[in-house]
Structure formats: C-alpha cells, structure tokens
Amino acid sequence: MVAVVGPSGAGKDTLLAHAGRFFEDREDVIFVRRIITRNPAAGGEIHDGVSEHEFEMLKQAGRFAVCWDAHGLRYGIPVETRDAVDKGRLVVANGSRSALSLFKAAFPALVVINVTARPEVLASRLEARGRETRQDIERRLERSGLGVAGDYKVVTIDNSGPIEQSGAAMIEALSSCLLLKG
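Residue numbers for the sequence shown follow our numbering, so the first one is 917 and each next one is one higher.
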C-alpha cells in the first residue's frame, strides 16, 4: 500500500493522475477512488461523494479499510483495497498525514509518498482555488509542516517545478515499490 500525502496545494491529485496514466495498462497497480463527504462536482480529485449519513452507514457496515475526518470532511478507503494488497497488487491511495497510523495498522507494508512544494508555490496554488483568503492561506501554511512524523518508509517528492520532473519522480517511486514486492 502506498499512501500519497502532503499539504493542500502540493499537487497530490495532479501527480496521482500523471502516474495513473503511466500505469493504466498494469493490472498489478491500482489507484484507489476515495469515498468523501463532498459533492463529486466540487472539483479536485475524482471520488465517490456521499452524505454524512451514507458515510456513517458504510463505516458501521465495515466498508472501509481506513477512514478519517479532516478539514470538515470524512474520507474512506474502500475495504476491497485489502484484497488487492493481499493478492500482491500495488495499491496507491491519496491519504492524509493525520491518518498514517490508521493506514499502517491496516497495511503494515505501507510506503508513504510525501508530496511537498515550496511555501510560495503552495500559497499561489491555494489562492488560485479561490476557497480561502490570502491571510487564511498564510496562517494555514505557518501552522502546517511539510514533513511526515513517525516510523514510516517515506519518499519525498518536491512538486514545485514542472510536472514532467515531479511526475517522473512519482513514477520512479511507484516503480521501486513494484520491484520491492516482486
């Protein structure tokens, strides 16, 4: 299991989409579609949007391998990901640094890809989204670090520059995971 994490604006979804296109013909690489209490039309990553009630029903029914709350939303990784990992597939999911202990408990052979970008790049990307004021963005960046704390195997990718460069780093990191499991 690979959990891709990083601050808002780092470009996780862009890198996941880039890598997804590269590995699209590989049956042994699966990119997880998360379940989120957010309207699918809201933009950003492709996900399955559900209501709070639907999410809670799925959680109670044991339909998540991992689930967590962040930024006023609820996120879930479908339980079927466990079967895919057990069958030897490389499973890649957009995660959260706050949920890494949950990922590690569910998937002991966890690799974390930490996507970062320079603070001014993050600020510019967040401002372009139009969801927060510049002051809110600056406060957010001041209080959030760019690292991953804990005992995890971590690969860090700086996504401040061109997608060709950071995308190649993402593909290399995932290819290395394939070599390790092979």
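Glycine is no exception: its CB is placed at the ideal position from the N, C-alpha and C atoms.
Which residues DSSP lists as bridging residue i, in chain order
i	result
Lys1003	BP columns for Lys1003 are empty, so no partner.
Pro994	Phe980
Val918	Val1008 and Val1027
Phe947	Val1008
Val1073	Strictly speaking, residue 1073 in this sequence is Ile, with Val absent from that position. According to DSSP, Ile1073 bridges with Val1031.
Ile1079	DSSP lists no partner for Ile1079.
Top-ranked residue by Cα proximity to residue i, from the options
i	options	result
Val1099	Gly927, Tyr991, Leu1096 and Arg942	Since the first residue of the chain shown is 917 and the last is 1098, residue 1099 is not available in this structure.
Ile1087	Thr930, Gly922, Ser924 and Gly925	Thr930
Val945	Ile993, Ala1000 and Ala1025	Ala1000
Ser924	Gly1004, Glu996 and Gly1046	Gly1046
Residue burial classification, residue i (beta-carbon count within 10 angstroms, cutoff 16)
i	result
Ile1014	According to the sequence displayed, residue 1014 carries Ser and not Ile. When all chains shown are included, Ser1014 counts as exposed.
Leu1026	buried
Ile962	exposed
Leu974	buried
Ala1033	buried
Cβ distance (whole Å) where residue i is taken to contact residue j below 8 angstroms
i	j	result
Glu1048	Leu1057	That belief does not hold up - the Cβ atoms of Glu1048 and Leu1057 are roughly 11 angstroms apart, past 8 angstroms.
Leu1018	Val1028	Rounded, the Cβ-Cβ distance is 13 angstroms, inconsistent with contact.
Gly1083	Ala935	7 angstroms
Thr997	Val948	6 angstroms
Fill in: Any 3 or more C-beta pairs closer than 8 angstroms across the stretch 944–953 and the stretch 966–976
Flag = yes, the stretch 944–953 and the stretch 966–976 touch.
message = Would the stretch 1025–1040 count as touching the stretch 977–993 if we require 3 or more Cβ pairs under 8 angstroms?
response = Cβ pair count under 8 angstroms is below three, so no.
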